[in-house]
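These notes concern the structure reproduced below.
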Amino acid sequence: MDKQDNNKEFDAIVVGSGPGGATVARELSKRKKRVLILERGGDAPSKEGFLATGSILNAVPVGNDIATARAFTTGGTTAVYFAVADLPPLEAFLSLGIDLSGEFEEAKRELPLGVLPDELFGAQAIRVRDSALELGYVWKKKMMLVDLSKCASGYSHEAKWNARRYALEAVAAGATLINRAKVLKALVDKKQAVGVEYKIQRGKKDFEIRRAFGAKIILSAGATASPIILRDSGMKNVANSGFYCLPNFGVFGVVSGLKAGESFVGSMGGELQDGIGLGDANFARTFYRMYMLGNRKFIRAFFHSKSIGVVAGVKDELGGGLREDGRYYKQLKKADLMKLGKVEKMARQIIQNAGGKHIFKSALSAAQVGGVIRIKEHLDEKLQTEYSNLHVCDASVIPEDVEVSPTLTLICLGKYLANHLYSH
Ligand SMILES: Cc1cc2nc3c(=O)[nH]c(=O)nc-3n(C[C@H](O)[C@H](O)[C@H](O)COP(=O)(O)OP(=O)(O)OC[C@H]3O[C@@H](n4cnc5c(N)ncnc54)[C@H](O)[C@@H]3O)c2cc1C
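Counted the way this note's numbering counts, the sequence shown spans residues 27 to 450.
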């Protein structure tokens, strides 16, 4: 059924409720703007469990045998993320005409940002850190988005900041949130975006195509989804320079006698050097089990408390593209494969030196897709596309010359866009 709601009732339509979209929606709603959030996923509260996590996780293939993960739910991929909060690359954005410094200061005041106290590091993370330091690697505490007041008994999933909170704050301030609404394209009239077309899922085979109209359209559907929506809205040049996908894998060992509990994975690690990065991969139990089962390590899945892990990744060169049918493709270049070989040796050395036995390397995955949409090429400094009133605010716009865990940067970018769309 094709239904037209031809009333221009929203000041802004935000597509997706991850950190990019939820932040824009929250900021605009607080300014009394009429905001519609269209979210592809459901609205179940974020829980850490097999069923809860499995039902929202989705893998997007980006090349032969390599995929990136995302989550469909209110709050987007932060429902399953680790809460590592690399600081925004202010200089890189400034060189693109975007000053995020004020937004960063505001975010610092609002968010539970800091390094974890020593007592929250589990025995596995400490073992890996000591081994890395002994071998001469830099291994530092990372900034995290963790509410320490919720960590009285140690690790807690609820303590991690999640974009769902911002989405719900937007709703509390008056925004309309529609779940199970998959946006198909922006509606463009004379080079101006006027609304979106979306599919609302009622049952497995029961859906309805709807239209919504608004003054500003903000695509925040995530790094792999927004480029497809843009292309289906008529933009021809998305992914014309290829993309990066940060290929990475884990190296794991078993330490007999080790008895470790849950900890915040990724809260310590090395620094990216010459395009190579190493970090802590000591997951909380549920995620560890899912990860091991995903790698067909059925017995090891039950050895969480004895397992130690290091994640090893590289910054790959731009390449590949987006096929007509909406599938991404990429072949890693020789230089990337050489870097992966080098970082694997380093990771194995850290695990061996920590006393790890039965070492295994996981399948390759893509930590983050980017470079598909580029500021100054596809977007101006207000994150606006070639169509006026159509903006993009999500991980797809993180420039290729920076490598950060993007959540904190996206929160700053969401605030920045809201400031430029409608100032206070
Ligand atoms: C296991 C894991 C661990 C991670 N750990 C960290 C970490 O520690 N620190 C960090 O900074 N980053 C981490 N990340 C990455 C981080 O979660 C993402 O980079 C971030 O959430 C991206 O935000 P976004 O707003 O671009 O997209 P998303 O968070 O993916 O949100 C996009 C939203 O849009 C919705 N959507 C998609 N398509 C449509 C459509 N067509 N119509 C309507 N809605 C749509 C989705 O359902 C989703 O809710 C991790 C990722 C994974 C998978």
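Glycine included, every Cβ here is placed at the ideal spot set by N, Cα and C.
Everything numeric in this text was worked out from a predicted model, so none of it was measured.
Mind checking residue i: buried by the 16 CB within 10 Å criterion, or exposed?
i           : result
residue 170 : buried
residue 359 : exposed
residue 43  : buried
residue 332 : buried
residue 341 : buried
residue 427 : exposed
residue 164 : exposed
residue 77  : exposed
residue 31  : Its pLDDT being 47, under 50, residue 31 is placed unreliably in this model, and the coordinates cannot settle the point.
residue 451 : Here the chain has residues from 27 to 450 only, and residue 451 is not among them.
residue 438 : buried
residue 29  : With a pLDDT of 43 at residue 29, under the threshold of 50, the predicted position of this residue should be treated as unreliable, though the coordinate-derived value follows. Burial call: exposed.
residue 239 : buried
residue 66  : buried
residue 215 : exposed
residue 371 : exposed
residue 119 : buried
residue 27  : Caution is warranted here: a pLDDT of 34 is assigned to residue 27, below 50, making its placement in the model unreliable, and the coordinate value is therefore given only provisionally. With fewer than 16 Cβ atoms within 10 Å of its Cβ, residue 27 is classed as exposed.
residue 54  : buried
residue 285 : exposed
residue 68  : exposed
residue 433 : buried
residue 361 : exposed
residue 282 : exposed
Is residue i near ligand 3, with its Cβ less than 7 Å from a heavy atom?
i           : result
residue 436 : Among the ligands present in this structure, namely ligand 1, ligand 3 is not found.
Could you check whether residue j and residue i sit closer than 8 Å to each other, using their CB atoms as the reference points?
i           : j           : result
residue 336 : residue 373 : yes
residue 124 : residue 442 : yes
residue 267 : residue 47  : no
residue 416 : residue 193 : no
residue 264 : residue 256 : yes
residue 412 : residue 261 : yes
residue 168 : residue 295 : yes
residue 101 : residue 190 : yes
residue 410 : residue 94  : no
residue 106 : residue 83  : yes
residue 60  : residue 37  : yes
residue 64  : residue 244 : no
residue 430 : residue 112 : yes
residue 356 : residue 88  : yes
residue 269 : residue 339 : no
residue 115 : residue 435 : yes
residue 103 : residue 305 : no
With a threshold of 7 Å (Cβ to nearest heavy atom), would residue i be considered close to ligand 1?
i           : result
residue 412 : no
residue 104 : yes
residue 420 : yes
residue 244 : no
residue 41  : yes
residue 114 : no
residue 64  : yes
residue 394 : yes
residue 456 : Since the displayed the chain opens at 27 and closes at 450, residue 456 lies outside it and no answer follows.
residue 108 : yes
residue 292 : yes
residue 251 : yes
residue 376 : no
residue 25  : The structure shown does not extend to residue 25, since the chain spans only 27 to 450, so no value can be given for it.
residue 519 : Since the first residue shown for the chain is 27 and the last is 450, residue 519 is missing from the structure and cannot be characterised.
residue 255 : yes
residue 212 : no
residue 326 : no
residue 208 : yes
residue 98  : yes
residue 95  : yes
residue 248 : yes
residue 67  : yes
How many whole angstroms separate the CB atoms of residue i and residue j, which I take to be in contact at a CB cut-off of 8 Å?
i           : j           : result
residue 50  : residue 444 : 5 Å
residue 196 : residue 52  : 4 Å
residue 250 : residue 96  : 7 Å
residue 325 : residue 368 : Contact doesn't hold; Cβ gap of about 30 Å is too wide.
residue 424 : residue 381 : That pair is no contact at about 37 Å.
residue 310 : residue 288 : 5 Å
Would you call the segment 141-151 and the segment 261-277 touching, i.e. three or more CB-CB distances under 8 Å? At 8 Å Cβ cutoff, the stretches do not touch.
Three Cβ pairs or more, each shorter than 8 Å: is that satisfied between the segment 314-326 and the segment 172-183? No contact exists between the segment 314-326 and the segment 172-183.
Is the segment 234-248 touching the segment 373-387, taking contact as three or more C-beta pairs under 8 Å? Verdict: no, contact absent.
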